[in-house]
Amino acid sequence: MTWVAAAVSRALRLDRMEQHGRRKPVSIAIVDNDRMALMALSSLLTRDGCAVTWTAQLGASAIQRCIRAQDRPDVLLVDMALSDMTGVDVCRAVRRWAPALPMIGVTAYDPAVYYDAAVAAGAAAVLSKDDVSAIADAVRAACACRRPDAPVGLPADARQAGSPAAPVSSSPADVVRSDEPDGPVDPVSPAGPSGPPIRSGCMDASRAQPERSFALSAQQSAIMRMYADGRSTDDIAAALGISKGTIFSQVARVRGKLHARDRDEAVALCRRYLRM
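Count the sequence shown with this note's numbering and you get residues 361 to 636, in order.
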């Protein structure tokens with residue numbers, strides 16, 4: 361019967377591969393009061409393999425659509441400066457009604473201006489509208505964290521569906537990215553028991569703990585060490601020769617790996633596990 365078992369196993373593998381090939385693209389909704397920006401983002405993200413299901417120019421309209429399960433996208437992009445309310449207000453309201461929905465803030469201004477407030481309201485990150493590639497990467501990362509069928513290899517180490525203000529519903533364990541984009545990784549094996557459960561947008565609160573073995577890239581380690589030393593974002597950007605947007609994106613990835621609610625908690629966990 362060995363050959364029968366082998367044939368069945370092969371058929372199952374082929375079926376899984378076929379299902380993977382049929383996987384739908386990530387669905388995105390965008391709220392932005394600038395009509396031209398909506399059109400540009402929609403076009404560029406569609407070209408990048410995402411599916412824009414709807415757009416809105418008013419924050420209130422986006423909130424209403426996210427409340428309805430049938431209209432809810434995989435990921436919501438939120439402009440930080442809207443005409444009827446702030447992007448932070450949108451994130452806070454959506455998080456209350458759809459706690460599992462990943463949100464990413466976008467802005468034509470300096471992302472640092474909005475970052476802390478947006479993340480506190482539940483956003484995964486705040487990125488520049490000019491960096492469409494980074495937005496697409498963040499969308500796929502957030503969605504890979506949220507979707508139960510996310511295949512290994514998607515950039516899901518950026519498990520940054522946000523720091524919910526409301527209780528977070530349980531979702532499946534995330535997958536681990538194996539190809540950090542910025543160089544060799546610094547493997548970390550915590551010595552000692554895991555800390556208390558930490559609330560995270562991608563994990564149930566009862567089991568959202570730092571992993572026993574996780575890895576930070578060289579750039580992520582450098583950034584977190586500098587934050588632990590009390591350096592400002594501007595100082596870190598100048599010292600490493602990178603943009604503040606890159607720093608925010610890397611911090612979001614570290615937060616995801618550690619299931620940390622915010623940057624301060626991520627720094628505290630890095631101090632504990634990296635002996636900073």
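Idealized CB from N, CA, C, for every residue including glycine.
With fewer than 16 other CB atoms across the displayed protein chains lying within 10 angstroms of its CB, S493 is exposed. Contact fails between the stretch 414-423 and the stretch 461-470, because fewer than three Cβ pairs, one in each stretch, are under 8 Å apart. Look at L576 here: in three-state DSSP terms it is strand. In this structure, T413 places its C-beta atom within 8 Å of the C-beta atom of A389. The beta carbon of I583 lies closer than 8 Å to those of I596, L600, I607, Q610, V611 and V614 in the same chain, with the five residues before and after it left out. DSSP places M463 in the uninterrupted beta strand (DSSP E) bounded by M463 to T467. One thing to note: I495 has its Cβ no nearer than 8 Å to the Cβ of A458.
In the structure shown, V386 adopts coil according to DSSP, grouped into three states. Looking at the DSSP output, W414 sits in a beta bridge with A389. Counting along the chain, no alpha helix (DSSP H) covers L487; the unbroken beta strand (DSSP E) around it starts and ends at V486 to S488. In the three-state scheme derived from DSSP, where H, G and I count as helix and E and B as strand, A472 is classed as helix. R452 and G482 have their C-alpha atoms roughly 6 Å apart. Boundaries of the beta strand (DSSP E) around D439: V435 to D439. Rounded to whole angstroms, the separation of the alpha carbons of D491 and G590 is 28 Å.
Ranked by Cα distance from A400, the first of D497, A477 and T415 is T415.
Here D434 is near S387, since their CB atoms are less than 8 Å apart. At least 8 Å separates the beta-carbon of V473 from that of V391.
By the 16-neighbour rule on beta-carbons within 10 angstroms, K489 is buried. Annotation for A422: the continuous alpha helix (DSSP H) segment containing it runs G419 to I427. R613: member of the alpha helix (DSSP H) spanning K604 to L618, first to last residue.
In this structure, the CA atom of M396 is about 13 Å from the CA atom of D439.
Boundaries of the alpha helix (DSSP H) harbouring D595: T593 to L600, taken from the DSSP string.
In the DSSP assignment, R432 falls outside any alpha helix (DSSP H), carrying neither H nor E. If you check the CB distance, N393 and L442 come in under 8 Å. Note on geometry: alpha-carbon atoms of A628 and L487 lie some 24 Å from one another. Spatial neighbours of Y587 in its own chain (CB-CB distance under 6 Å, excluding positions within 5 residues in sequence) are listed in chain order as V627. Judged by DSSP secondary structure, S443 falls outside any alpha helix (DSSP H); it is assigned neither H nor E. Take R623, set aside five residues on each side of it, and the residues of its chain with a beta-carbon closer than 6 Å to its own are V611, in chain order.
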